[in-house]
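A short worksheet on the structure shown next.
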Amino acid sequence: MERLKRSGLVGELSAEFLGTMILILFGCGVVAQVVAGGALTDPPGGLGNHDSIAWAWGLGVTLGVYVAGRLSGAHLNPAVTLALAAFKDFPWRKVAPYSIAQFAGAFVAALLVRWNYTEALAKADPGHTLKTQIVFSTLPANGNTALPVHEWGAFRDQVIGTAILVLLIFAVTDLLNNPPGANLGPFVVGLIVVAIGMAFGTNAGYAINPARDLGPRLASFLTGYGGAWRDQYGNLYFWVPIVGPLIGGLVGAFLYKVFITRFLPSPEPEPEGTLPVPPEK
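To convert, note that position 181 of the sequence shown is 300 in this note's numbering; the numbers rise steadily by one, no gaps.
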């Protein structure tokens, strides 16, 4: 029995690794295409824009959830895993292994994107500077010095953005609420990420996921981006998209519990010998 439990956890971690890898392949891949590839078109910017980035990130989430959902629940995000442990009885002993698997999946995916876009990145940005660092990890104001957003402004943004993400994930996966049917949950979660990207992408690039940012940041640092840990002002920044989302996820889960969960009907077993009755609309 113990052996079966161990193998079950291995399967869950395998799913988290591959699901997060799919997410980052599409996410970092689209930014590489838009930023590096687009810089080389005539005129520049011919391979996409902010909207294509938002849509590809959202689709990456959707596809990653479809890959991992059956085995692990497809958290794909340490902030989601932590919130589920704090508010949904997810086992605390699994939080660290899930987070490591998510980080590893993001790291490997970023290495693949870095390798695949070697020529475009080298041509568009021979010095491997912040110009293309944004392909892999986030920066305050997306590296724009004309917008005076620094670490604490970006931290605020990450708390808010991740709170929205986790609150809505709790809503669309709550069987006692009004969840999407016909296995459309992953698609709706992807749309949530698209919406956050389109509404909250200015101040910090909507990382809203510690693994999504730290894994690719480390991958870029190991492959030539020496300034990966700092922002455009030279300040250490890597902690912002780690700590901010972890706090934001807890805030979003708390808000859902306080404003929604405690008012929902409790699941009650049907009397013996009766057919289930659908809830009244």
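Cβ atoms here follow ideal geometry from the backbone N, Cα and C, with glycine treated the same way.
*In this structure, does DSSP put Ala-303 in helix, strand or coil?*
Position 184 of the sequence shown, counted from the start, is the residue given in the question as residue 303. Note that residue 303 corresponds to Leu in the displayed sequence, not to Ala. Three-state result, Leu-303: coil.
*asked:* Assuming Gly-92 and Leu-258 are in contact, meaning their beta carbons sit under 8 angstroms apart, how far apart are those beta carbons, in whole angstroms?
replied: Outside the modelled stretch of the chain, which goes from 120 to 400, sits residue 92, for which no answer is possible.
*8 angstroms Cβ cutoff met for Phe-255 and Arg-336*: Residue 255 sits at position 136 when you count from the first residue of the sequence shown. Residue 336 sits at position 217 when you count from the first residue of the sequence shown. It is a contact, given that the beta carbons lie within the stated cut-off.
*Are the beta-carbon atoms of Ile-311 and Leu-284 separated by less than 8 angstroms?*
On the sequence shown, position 192 is the one that residue 311 refers to. On the sequence shown, position 165 is the one that residue 284 refers to. Contact: yes.
*Inspect the CB distances between the stretch 262-271 and the stretch 353-361 and report whether three or more fall short of 8 angstroms.*
yes
*Excluding five sequence neighbours on each side, which residues of the same chain lie with their C-beta closer than 7 angstroms to the C-beta of Gly-304?*
Here residue 304 is taken as the residue at index 185 of the sequence shown, counted from 1. Within the same chain, Gly-304 has close Cβ partners Val-291, Thr-292 and Pro-298.
*Hey, how far is the Cα of Gly-157 from the Cα of Asn-168?*
One-based indexing of the sequence shown puts residue 157 at position 38. One-based indexing of the sequence shown puts residue 168 at position 49. Each residue's alpha carbon lies about 9 angstroms from the other.
*In angstroms, rounded to a whole number, what distance separates the CA positions of Phe-373 and Phe-206?*
Against the sequence shown, residue 373 aligns to sequence position 254. Against the sequence shown, residue 206 aligns to sequence position 87. Taking the straight line from one Cα to the other gives about 7 angstroms.
_Leu-123 (DSSP reduced to helix, strand or coil)_ = Taking the sequence shown and counting its residues from 1, the one referred to as residue 123 is at position 4. Below a pLDDT of 50, predicted positions are generally treated as unreliable, and Leu-123, at 47, falls in that range; no measurement from the model is reported.
*Host alpha helix (DSSP H) of His-169 (start-end)*: Sequence index remark: in the sequence shown, residue 169 carries index 50 (1-based). Taken as a continuous stretch (DSSP letters only), the alpha helix (DSSP H) holding His-169 covers 169-191.
_With a threshold of 7 angstroms on Cβ separation, who are the neighbours of Gln-351 within its own chain once the five nearest residues in sequence on each side are excluded?_
Residue mapping note: residue 351 aligns to position 232 of the sequence shown, counting from 1. Within the same chain, Gln-351 has close Cβ partners Leu-249, Leu-258, Gly-262 and Thr-264.
*With respect to the alpha helix (DSSP H) encompassing Tyr-375, which residues constitute its N-terminal and C-terminal limits?*
Translated into positions along the sequence shown, residue 375 becomes position 256. Note, Tyr-375: alpha helix (DSSP H), 359-378.
*Assuming Val-199 contacts Leu-142 (C-beta within less than 8 angstroms), just tell me the rounded distance between them.*
Taking the sequence shown and counting its residues from 1, the one referred to as residue 199 is at position 80. Taking the sequence shown and counting its residues from 1, the one referred to as residue 142 is at position 23. Not really, about 12 angstroms apart at Cβ, beyond 8 angstroms.
*With DSSP collapsed to three states, give me the class of Leu-266.*
Mapped onto the sequence shown, residue 266 falls at position 147. Coil at Leu-266, not helix or strand.
_Looking at chain D, is there any beta carbon in it that lies within less than 8 angstroms of the beta carbon of Tyr-325?_
The structure shown contains no chain D; it holds only a single protein chain.
*Taking all protein chains shown into account, do 16 or more other C-beta atoms lie within 10 angstroms of the C-beta of Arg-331, making it buried, or fewer, making it exposed?*
The count along the sequence shown starts at 1 and reaches residue 331 at position 212. Buried is the call here.
*Just the Cα atoms here: how many angstroms apart are Gly-188 and Leu-132?*
As a working note, residue 188 is residue 69 in the sequence shown. As a working note, residue 132 is residue 13 in the sequence shown. Answer to the nearest angstrom: the Cα atoms are 12 angstroms apart.
*Cβ neighbour criterion (16 or more within 10 Å) applied to Asn-302*: Translated into positions along the sequence shown, residue 302 becomes position 183. Asn-302 comes out exposed.
*Assign Leu-81 to one of three DSSP states: helix, strand, or coil.*
Nothing in the structure corresponds to residue 81, since the chain is present only between 120 and 400.
*Could you say which of Phe-222, Gly-334 and Asn-196 lies nearest to Ala-282 if we only look at CA atoms?*
Indexing the sequence shown from 1 puts residue 282 at position 163. Cα-wise, what sits closest to Ala-282 is Asn-196.
*Cβ of Val-149 within 8 angstroms of Cβ of Ala-175?*
The residue labelled residue 149 in the question sits at position 30 within the sequence shown. The residue labelled residue 175 in the question sits at position 56 within the sequence shown. Going by C-beta atoms, Val-149 is nearer than 8 angstroms to Ala-175.
*asked:* So, at 7 angstroms on beta carbons, what are the nonlocal neighbours of Gly-309 in its own chain, with the 5 sequence-adjacent residues on each side left out?
replied: On the sequence shown, position 190 is the one that residue 309 refers to. Only Gly-177, Leu-178, Val-180 and Thr-181 meet the Cβ criterion.
*Cα separation between His-194 and Ile-327?*
Within the sequence shown, residue 194 is the residue found at index 75, counting from 1. Within the sequence shown, residue 327 is the residue found at index 208, counting from 1. Each residue's Cα considered, the two are about 13 angstroms apart.
*Limits of the alpha helix (DSSP H) - the one that Pro-335 falls within*: Translated into the one-based positions of the sequence shown, residue 335 becomes position 216. First-last of the alpha helix (DSSP H) with Pro-335: 329-341.
_Does Leu-383 come out as helix, strand or coil in the three-state DSSP assignment?_
Looking up residue 383 in the sequence shown gives position 264. Reduced to three states, the DSSP call for Leu-383 is coil.
*Are Phe-363 and Phe-226 close, meaning C-beta to C-beta below 8 angstroms?*
Translated into positions along the sequence shown, residue 363 becomes position 244. Translated into positions along the sequence shown, residue 226 becomes position 107. Before going further, note that residue 363 is Gly rather than Phe in the sequence given. No. Outside cutoff.
_Check whether Pro-386 and Leu-295 have beta carbons under 8 angstroms apart_ = Residue numbering aside, residue 386 sits at position 267 when the sequence shown is read from its first letter. Residue numbering aside, residue 295 sits at position 176 when the sequence shown is read from its first letter. A contact, by the Cβ cut-off of 8 angstroms.
*Starting from Lys-250, trace the alpha helix (DSSP H) both ways and give me its first and last residue.*
On the sequence shown, residue 250 is found 131 positions in, with the first residue counted as 1. Run containing Lys-250: 249-252, per the alpha helix (DSSP H) assignment.
*Taking DSSP as the reference, what is the three-state secondary structure of Leu-286?*
For the purposes of this step, residue 286 is taken as the residue at position 167 of the sequence shown. Here Leu-286 sits in helix by DSSP.
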